[in-house]
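In terms of this note's numbering, the sequence shown is residues 75 to 413. Don't be surprised by glycine CBs; every beta carbon is placed ideally from N, CA and C. Step one of this worksheet: look at the structure below.
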Amino acid sequence: MQSTRTFKDKIFLILKGLGMGAANKVPGVSGGVVAFVAGFYEEFIYSLQKINGKAFKLLINKRYRSFFQYINGRFLLLLFTGMIISYFSVSKILDYLIVRYELYVWSVFFGMIIGSIYYISKDFKSWNTKTYIALALGISLGLGISFLDPAKENDNLWFVFFCGMISVSGMTLPGLSGSFILILLGNYVLLLVDSVNALYDSISSVFQGDFSFLNDPNRVRMLKVLAVFTLGSVAGLVTFSHVLNYILKHYKNITISTIIGFIIGSLGVVWPWKETLYKTNAQNAFILDSTGGKIVENYIRYIPELTPETYTAIGFVFLGILIVLGLELYGQKTRKIHG
Numbered sequence: 075m076q077s078t079r080t081f082k083d084k085i086f087l088i089l090k091g092l093g094m095g096a097a098n099k100v101p102g103v104s105g106g107v108v109a110f111v112a113g114f115y116e117e118f119i120y121s122l123q124k125i126n127g128k129a130f131k132l133l134i135n136k137r138y139r140s141f142f143q144y145i146n147g148r149f150l151l152l153l154f155t156g157m158i159i160s161y162f163s164v165s166k167i168l169d170y171l172i173v174r175y176e177l178y179v180w181s182v183f184f185g186m187i188i189g190s191i192y193y194i195s196k197d198f199k200s201w202n203t204k205t206y207i208a209l210a211l212g213i214s215l216g217l218g219i220s221f222l223d224p225a226k227e228n229d230n231l232w233f234v235f236f237c238g239m240i241s242v243s244g245m246t247l248p249g250l251s252g253s254f255i256l257i258l259l260g261n262y263v264l265l266l267v268d269s270v271n272a273l274y275d276s277i278s279s280v281f282q283g284d285f286s287f288l289n290d291p292n293r294v295r296m297l298k299v300l301a302v303f304t305l306g307s308v309a310g311l312v313t314f315s316h317v318l319n320y321i322l323k324h325y326k327n328i329t330i331s332t333i334i335g336f337i338i339g340s341l342g343v344v345w346p347w348k349e350t351l352y353k354t355n356a357q358n359a360f361i362l363d364s365t366g367g368k369i370v371e372n373y374i375r376y377i378p379e380l381t382p383e384t385y386t387a388i389g390f391v392f393l394g395i396l397i398v399l400g401l402e403l404y405g406q407k408t409r410k411i412h413g
């Protein structure tokens, strides 16, 4: 899996990380789709599943160079660097665009999902009774998740750990949005807004030499929640990568047909024409995220009227498809160079 990468390849890998990070932040969009379409999904899963007992033995024995090479560390480092940069930059821009140009942003996402369905299915030739059943199951699961009602917020640490494991599923399973799953579990605001804001405030206080927040029970609780959520996310990444690597190895055709179905089912989440329902507090006031945008709770979907705005949105759907086709061409070129 490991190969020599040029400086240009490394820059593109960071950019792919940016794309995955931004996609993971948005409810309804899966970072795994970005990995699948951009042509590095299998290497991503392979690298994560190398984080195993042997890797920890190398780390404990202070064989850091061997550990880094064994887990394909350069690839993971560049990719996660892009994701971290994305969280503090690209995702903020995305938040801004969704607040002000919601219809057009979702139209681009919708087009990208359609493009990814084409990309994944165009070379899949193993259609039979089993794969058709898997396709139908994937579509049913995707639609079922899309139309579930959100649960209430729950800060129990075991449940938070579980949320962490589930939230990274969008990175490893194309079509499943980790952020949207957190909305359904009722903890999107708690884990991706409140706890992160508590971390920002705490870091700011530390730089100012102010440690009084350590005596604030609510702040300490939120930091504990974020720490447990992070541990759950790491555990989920490693666990899901091992499971998916096994499944792809032994049941590749059924897995791919299920993924295709799951992505088709997820179109209901990213349908551009919808009335957005927002999270509210006890006083019926909007809860705001770190950029001032309202937090999405769920959607009411409808069929649009043929207006100039609708035609513009359809144009953005085609733009999303073209973005995926562009990524596909780049992925094919990269695979030929390194293949």
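- Sixteen is the threshold: since fewer than 16 other Cβ atoms of the shown chains lie within 10 Å of the Cβ of proline 291, the residue is exposed.
- Put simply, of Gly185, Leu297 and Leu322 the residue whose alpha carbon is nearest the alpha carbon of isoleucine 337 is Gly185.
- DSSP places asparagine 292 in the uninterrupted alpha helix (DSSP H) bounded by 291-324.
- A straight line joining the alpha-carbon of serine 269 with that of isoleucine 388 spans about 37 Å.
- Taken through DSSP and simplified to helix, strand or coil, arginine 137 comes out as coil.
- In chain order, Gly339 and Gly342 place their CB closer than 7 Å to the CB of leucine 217, counting only its own chain and leaving out the 5 sequence neighbours on each side.
- Taking the Cα positions, leucine 300 is about 44 Å away from lysine 199.
- By the C-beta density criterion, phenylalanine 390 is buried, having at least 16 other C-beta atoms within 10 angstroms.
- Residue pairing by DSSP places arginine 375 opposite Lys348 in a beta bridge.
- Secondary structure at glycine 185: helix, using DSSP grouped into helix, strand and coil.
- In the structure shown, valine 270 adopts helical secondary structure according to DSSP, grouped into three states.
- Residue range 203-220 is occupied by the alpha helix (DSSP H) that includes threonine 205.
- The C-alpha of leucine 322 lies about 15 Å from the C-alpha of alanine 109.
- Comparing C-alpha distances from glycine 95 to each of Tyr175, Ser253, Gln123 and Ala210 shows the shortest one belongs to Ser253.
- Between the region 204-211 and the region 324-332, the count of C-beta pairs closer than 8 Å reaches three or more; the two stretches touch.
- Closest in C-alpha terms to phenylalanine 141, from the list Thr80, Trp347, Leu122 and Ile334, comes Leu122.
- Secondary structure note for serine 253: its alpha helix (DSSP H) is the uninterrupted segment 252-258.
- Across the structure, asparagine 261 and lysine 226 are spaced so that their CA atoms are roughly 8 Å apart.
- Just measuring C-alpha positions, the residue of Gly238, Ser220, Ile395 and Trp347 sitting nearest threonine 381 is Trp347.
- The three-state reading of DSSP puts valine 242 in coil, since its state is none of H, G, I, E or B.
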